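Worksheet: one structure, shown below.
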Amino acid sequence: MNLIETIIGSVKKRSPQDQNAAAVEAPDTSESHFHKLVAGFDTLIGVDRVPILTYEEAIKRLVRDKPTTRRTLRGALLLANAGFGDSLVTWLYLDQDGLPVVDGEGRTLGRRLIASCLDDELAECFSGSDILILE
Numbered sequence: 015m016n017l018i019e020t021i022i023g024s025v026k027k028r029s030p031q032d033q034n035a036a037a038v039e040a041p042d043t044s045e046s047h048f049h050k051l052v053a054g055f056d057t058l059i060g061v062d063r064v065p066i067l068t069y070e071e072a073i074k075r076l077v078r079d080k081p082t083t084r085r086t087l088r089g090a091l092l093l094a095n096a097g098f099g100d101s102l103v104t105w106l107y108l109d110q111d112g113l114p115v116v117d118g119e120g121r122t123l124g125r126r127l128i129a130s131c132l133d134d135e136l137a138e139c140f141s142g143s144d145i146l147i148l149e
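Each residue of the sequence shown is one higher than the one before, counting from 15 in the working numbering.
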C-alpha cells in the first residue's frame, strides 16, 4: 500500500447523515460573521501595551495628557477586560456635568493602554469597580 492509499484508507467514510450533521456544525465563514468576530479588535489596533501599569504612572499620564480646556474638571480611569488576562485602561476627562470632554469634532478626549498587570496600589483603587474618578 502506498502513502496516498494509507492516508485515504485512514479517513473514516461518512454516511449521508454524518455529512449533513457536519454541514450543520460547520462554522459560519460569511463576511458579516467575520466582521462581527473582529468588531471589538479594530478598536485596540495601535493601542500601546505595557507589562505592568503602576498607580504612579496612571496618575502621571492623567495629569500630563489633560486637555487645556476650562471644561475639564475631573479625570476618570476606566478598567475593562482586554482578553487574555490583559486590562484595557482608558483615561477620560469629565466636564462640570460629569460628561466626557470632547474635541471640536465630537470625539472623546482621552487615552487607552493595554496592561498585562496592574500594580497592587492601582488594583486596590479599583477594588471591584471599573471606574475611578479623580479630582
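All C-beta atoms in this analysis are idealised placements derived from N, C-alpha and C, irrespective of residue type, glycine included. These numbers were taken from a predicted model, which means no experiment stands behind them.
Check: residue i C-beta below 7 Å from any heavy atom of the ligand NAD
i, result
"residue 91", "Annotation note on the ligand NAD: not contained in the displayed structure, which lists no ligands."
Close Cβ partners of residue i (< 6 Å) along its chain, the five nearest in sequence each way excluded
i, result
"residue 128", "61, 63, 96, 100, 102"
"residue 131", "66"
Beta-carbon separation (whole angstroms), residue i vs residue j, contact threshold 8 Å
i, j, result
"residue 146", "residue 68", "Not confirmed; about 14 Å, so no contact."
Straight-line gap, residue i to residue j (C-alpha atoms, nearest Å)
i, j, result
"residue 77", "residue 98", "29 Å"
"residue 105", "residue 125", "5 Å"
"residue 79", "residue 70", "14 Å"
"residue 120", "residue 82", "16 Å"
Cβ shell of residue i (< 8 Å), same chain only, five flanking positions each side left out
i, result
"residue 108", "86, 87, 88, 89, 90, 114, 115, 147"
Own chain residues within Cβ distance below 7 Å of residue i, not counting five before or after
i, result
"residue 140", "93, 146"
"residue 117", "123"
Ranges of the beta strand (DSSP E) found wholly within the stretch 93 to 136, counting only runs of at least 3:
100 to 108, 124 to 129
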